[in-house]
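Down below is the structure, laid out as structure tokens.
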Amino acid sequence: MFVCFEIIIVLLSGNFCAFVYTQDPSCCHHAAELFPQCKGACEQLASIRSESRLKHLLLRLPSYCPESLNELWVCINSTLPGASRKSDGWVGLGCCELAINSDCRRDCKQASSKNDITKVCKKDTEKPLFSCIIKNEMGSVCCSYAGRHTNCRDYCQAIFRTDSSPTVSQINAVKEYCQSISPQLIGCVANYTKSYPIRSPIDSLYCCDRAVEAHCQTACKRILRTMSTEQEIMDGLISECGSQPLPQDPLWQCFLGSAHPPTETHPESPPIAKMDCAKLHCCSKANTSHCRDMCLEISTNWGTQTWQEFDQHCEYNPVEMDLITCLADVREPCQLGCKELSYCTNFNNRPTELFRSCNVQSDQGAMNDFKLWSNGSIKMPLMSIPVLDIRKCRPEMWKAVACALQIKPCYSRSRGSVICRSDCVDILSQCGDRKRFLEGQTPERICDLLSATDDPERCIPLERYLAPSPFDNIIEEVIHPCNPNPCPSNHLCEVNRKGCHPGLDCLPYFCVPGCKLGEASEFLVPMDARIQVPTRSAQVGCYEVCTCGQSGRLENCAEMPCVDTTQTCLIAGQRRTHGSSFRLDCQVCSCFAGETVCSSRQCLRSDGPDEDRRIFTGLPCGCADHFVPVCAGNGRTYPSACVARCVGFRDNQFVFGSCRSIDPCLPNPCQHSQRCVPRRQVCLTDLSDYPCPQHECVSRPAACDQNQLDPVCDTDNMEHANLCQLNLRGKSLAYTGHCQEACRSPREVCGHSGESYATVCEAFSARVAVDYQGRCHAVGVVSGVPSDSGCNAVPCAPLSTGRCRPVTPPGACCPVCAGMLQILWNKQQMNIFAKLNRNQPVTLHDILKILRLHISVPQCDIFGYLSIDSEIIILIVPVDQQPTPLQIEACSKEAEKIDSLINSGSPTLVSHVPLSAFLHSELQLSSVSFSAASSLALSLCLLSSSLVLSLHIFSPHDL
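In mature numbering (1 follows the signal peptide of the UniProt record, and there is no 0), the protein residues as written are -22 to -1, 1 to 937.
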């Protein structure tokens, strides 16, 4: 059943450079004539020698060659390097991809047992690998009790195939199909599921204090915080403390018995409560005190209750939609695209749709659910629903239900996972077993409890998943390198926008080490990120800011002033609660702890004569639209002194001229031993407390990391691997990214920020999109009302596609095909973050750097600027000069995703400092007209298109 996935696991776990892949082209005759793309992909396998290209094609191969082509898969699998040496008893092969050292990966793939790899793979340096092997060994033992009962064995194996906690449906499937076959298997699996994820090494930290030697106490605490498996911990303690695990030793007596932590008889050494700060963020969104209290209890003291109990009371409660959506975001954030599913095939090849759980485990979970329901009953936390034989009554509809609930499509507002009420009523009316309904049960009443809405933005319409995707037979114009996640469980996946070292292949993604938000959390944030988390007291409105440290844990935490969330705002006689957003005339406002924070847009009256409307452009304070730029102390160029004064700058806080026309290193502010380097930035904090320097003083570095790839281009058009090497050679930075031939000669452009740049490369390097060619000389549309301004003389470039209905960013002259967000933010919060970060100002670059990590499609990139109305404007734009309609739609969907996360206050986004200062977002999307047929005709060749797309992130437009 898993033949086609075995090839992927085998190949991803090895080091291709150590082998010559000699797949026999004769395998390809097994590809039926009905699958010409499969045959073409198979034939390409014999000729590719590039590691990254081969990996990319192999990952996509199941989407071209269905699992039903069993002879093809067996033939290909038999030619894999190391495959013939794989023993049936070696259960660790699928873990080899987690090996850090390339020699270890190679030996692991060739090994026939764990003993064969221990010479090269060391337990102290290959922790993820050995942790995976131990789990697989346990699964091998448990599932061996299934004997020849295939269903029971498959359900058992699914429990051990995932890094995350086994789902309720997976556990129920094992009970359903294995209870009568093997009580030993049930008991073995139960021992695993009961201890996952409740038990954790840090539960035994109190044991460390019982060690006699001080150095052993310190080492013990470090080991328990950094190691995960019992064998690793025991080996580490033996090595560091120099003693064998003797029963009479106080340390070992405590540690070996810590499966049952001390009770009230030992109040002096309680176990440390395990927190889940990611879920704790969500508890304040509960609408009932019962669900809020239960959420707080579980999130701050994991193990006192179970999430199953919480689900039973709150998961299907319609009034708790905000809470449940927030929890779903941190468990499984929405991601674009779905592919490579073998059961829920109608969910594949949907590159512009969002899903929570598009992976092999959920695919099998859907199949398990369908089989369980075939027994005549659907067991829910609130009820059991008797049904007829769903294998005969609307089977495709039931399959769509099972897949929707497992794969979890998410939509813009609720991002929940419930099917629409009309679909629920329809299927239960036809297939519900009414003879077994309880008294008073009807399809309508059941569906009122399970899915009470038909709002297409709050429920999953099943109709679209009853047929394959309209893009089912084409190579995607949009790729998703991080979905499904190819990285180990303690790493985040980031899109590779930096390219490769010259002459070397690389993957379209990076695996970046991260930190979990709390001891019991599975939600990761990148290393060195600054994160806002609720305090351990869990008092509503009280937070601390921490850093994700090199240890893989949050550290250096500093408490913020608590926010009084009970304070309301009185607006026009109405009370507005903390966190609510609303409009006053043309202003967007938000209530924050009793204070009303509004945008500073100039509102236009619509009842004036046309002549007045043409003259009045909507600039702040009614300023004239003359373009006489001034550079303010926050690093932003404003179109005139009038506008700068109106938005709050005093005369001594701005100078005439654009910011980029002023050299911040004249006169030289640095010491003789240092070099002044311009570092232009736009600051979002108060200038009086946090100055906004436009330069930095650097010393010539002694050496640079040769392996760090973050290319930069100097003013002589020479490329350097990173900024350190540029400074080492005494060069001046022109822009970040690879040197571009098109930017060799200066050709000025005007950015949306109102700033002029010498080349488009410099604009993109500053994360600013281009408005028009030439030096900035006009004030663009601000109010949304066209005006007779200097923009009339601006020749705008034609749109990237004629089928796009564009948006015009505030202050710009020319429209653009993009998704646009206008973000209202809290300056007071920005100041607090600056104070906690050693008085360093918060910059617009900080915002864009974090938001860019949330753009999962390489065909889209993010640009932004501070508007003259002091809103943060974010543009998510296709990077191709002539993007396809599908790529434009993908960028709009990325913008829609981020807008939704901001407005719902999702921890996925707002736990990141400084994004937690965001109050509200307004969204404008470029719409595009295209048909499936026209998109189908765009690419018919199999491999060349896929390789272009996989390497697209290294194009000249990604800077």
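Beta carbons are placed, not taken as given, at the ideal position from N, Cα and C, and that holds for glycine.
N-terminal and C-terminal residue of the beta strand (DSSP E) that Q384 is part of
Where Q384 is concerned, there is no enclosing beta strand (DSSP E), although the alpha helix (DSSP H) it sits in stretches over 373 to 385.
Rounded to the nearest angstrom, what separates T204 and M272 at their Cα positions?
30 Å
Exposed or buried, what is S65 when buried is set at 16 or more other beta-carbons lying within 10 Å of its beta-carbon?
Unreliable placement is indicated for S65, whose pLDDT of 34 sits below 50; no coordinate value is reported for it.
Have a look at G125 and I137 and give me their C-alpha separation to the nearest angstrom.
17 Å
Using the Cβ count rule (16 or more neighbours within 10 Å means buried), how would you classify Q859?
exposed
Could you check the C-alpha separation between L163 and S118 for me, to the nearest Å?
11 Å
Among the residues of its own chain, which have a CB less than 8 Å from the CB of Q313, if the five just before and after it don't count?
Excluding residues within five positions, the ones whose Cβ falls inside 8 Å are L332, F333, R334, C336, H458, C460, N461, S834.
Count the other C-beta atoms from every protein chain shown that fall within 10 angstroms of the C-beta of A911, then say buried if there are 16 or more, exposed otherwise.
With a pLDDT of only 36 at A911, under 50, the local geometry of the prediction cannot be trusted, and the value read off the model is given with reservation. Exposed, since its Cβ has fewer than 16 Cβ neighbours within 10 Å.
Taking only beta-carbon atoms, is T862 less than 8 Å away from chain E?
Going by chain labels, chain E is absent from the structure shown, which holds only one protein chain.
Nearest-angstrom beta carbon gap, P491 and N468 [assumed within contact, 8 Å]
7 Å
Could you pull out every residue in the same chain whose Cβ sits closer than 8 Å to the Cβ of S352, ignoring the five residues on either side in sequence?
Same-chain partners within the cutoff: D367, I368, R369.
Please classify L662 as buried or exposed, where buried requires at least 16 other C-beta atoms within 10 Å of its C-beta.
buried
Nearest-angstrom Cα separation, counted from S320 out to A306
24 Å
For K709, which of P724, C371, Y389, C691 has the nearest alpha-carbon?
Out of P724, C371, Y389, C691, C691 has the C-alpha closest to the C-alpha of K709.
Inter-residue Cα distance where the pair is L678 and Q545:
Here residue 678 is Arg; the residue named in the question, Leu, does not match the sequence. Near 52 Å, if we compare the C-alpha coordinates of Q545 and R678.
Within 10 angstroms of the Cβ of K153, are there 16 or more other Cβ atoms? Answer buried if so, exposed if not.
exposed
Proximity winner among Q659, A610, R508, V608, relative to V891 (alpha-carbon distances)
Proximity to V891 across Q659, A610, R508, V608 peaks at R508, based on C-alpha coordinates.
Are three or more beta carbon pairs between the stretch 541 to 557 and the stretch 509 to 525 nearer than 8 Å?
yes
Going by beta carbon distance, what residues of the same chain come within less than 7 Å of R722, once the five residues before and after it are set aside?
Once the five neighbours on either side are set aside, the close Cβ partners of R722 are N695.
Buried versus exposed, by CB contacts within 10 Å (16 or more), G(-9):
Residue placement at G(-9) is flagged as unreliable, the pLDDT there being 34, under the threshold of 50; the coordinate-derived value follows with that caveat. By the 16-neighbour rule on beta-carbons within 10 angstroms, G(-9) is buried.
Is there contact here, the stretch 858 to 873 with the stretch 527 to 539, by at least three beta-carbon pairs under 8 Å?
no
Suppose only complete runs of 3+ residues qualify. What are the beta strand (DSSP E) ranges in the stretch 396 to 468, listed by chain order?
none
What does a CB cutoff of less than 7 Å around H604 pick up in its chain, not counting 5 residues either side in sequence?
S618
Label I325 either buried or exposed according to how many other C-beta atoms from any shown protein chain fall within 10 Å of its C-beta, with 16 as the threshold for buried.
The question names Ile, but residue 325 is Phe in the sequence shown. Classification of F325: buried, given that the 10 Å Cβ count is 16 or more.
Would V660 and L802 be called neighbours here (beta carbons separated by less than 8 Å)?
no
Using alpha carbons as the reference points, say which of H898, C134, Q148 lies closest to P161.
C134
I549 to P311 span [Cα, whole Å]
35 Å
Within 10 angstroms of the Cβ of T196, are there 16 or more other Cβ atoms? Answer buried if so, exposed if not.
For T196, the number of other beta carbons within 10 angstroms of its own is below 16, and it is reported as exposed.
According to the neighbour-count rule (16 or more other Cβ atoms, all chains shown, within 10 Å of its Cβ), is S639 buried or exposed?
So S639 ends up on the exposed side.
Is it the case that the Cβ atoms of residue 955 and F108 are separated by a distance below 8 Å?
No answer is possible for residue 955: the residues shown for the chain start at -22 and end at 937.
Nearest by alpha-carbon distance to N150: which of I851, C547, A344 is it?
A344
Whole-angstrom distance between H259 and V888, CA atom to CA atom
Their backbone Cα atoms lie some 10 Å apart in a straight line.
Below 8 Å between beta carbons: does that hold for residue 1025 and G842?
Outside the shown range of the chain, which is -22 to 937, sits residue 1025, and nothing can be said about it.
S578 versus C569, K317, G596, residue with shortest Cα-Cα distance:
G596
Quick check on H650: does DSSP put it in helix, strand or coil?
coil
Check the DSSP bridge columns for H890 and list the partner residues they point to.
I509
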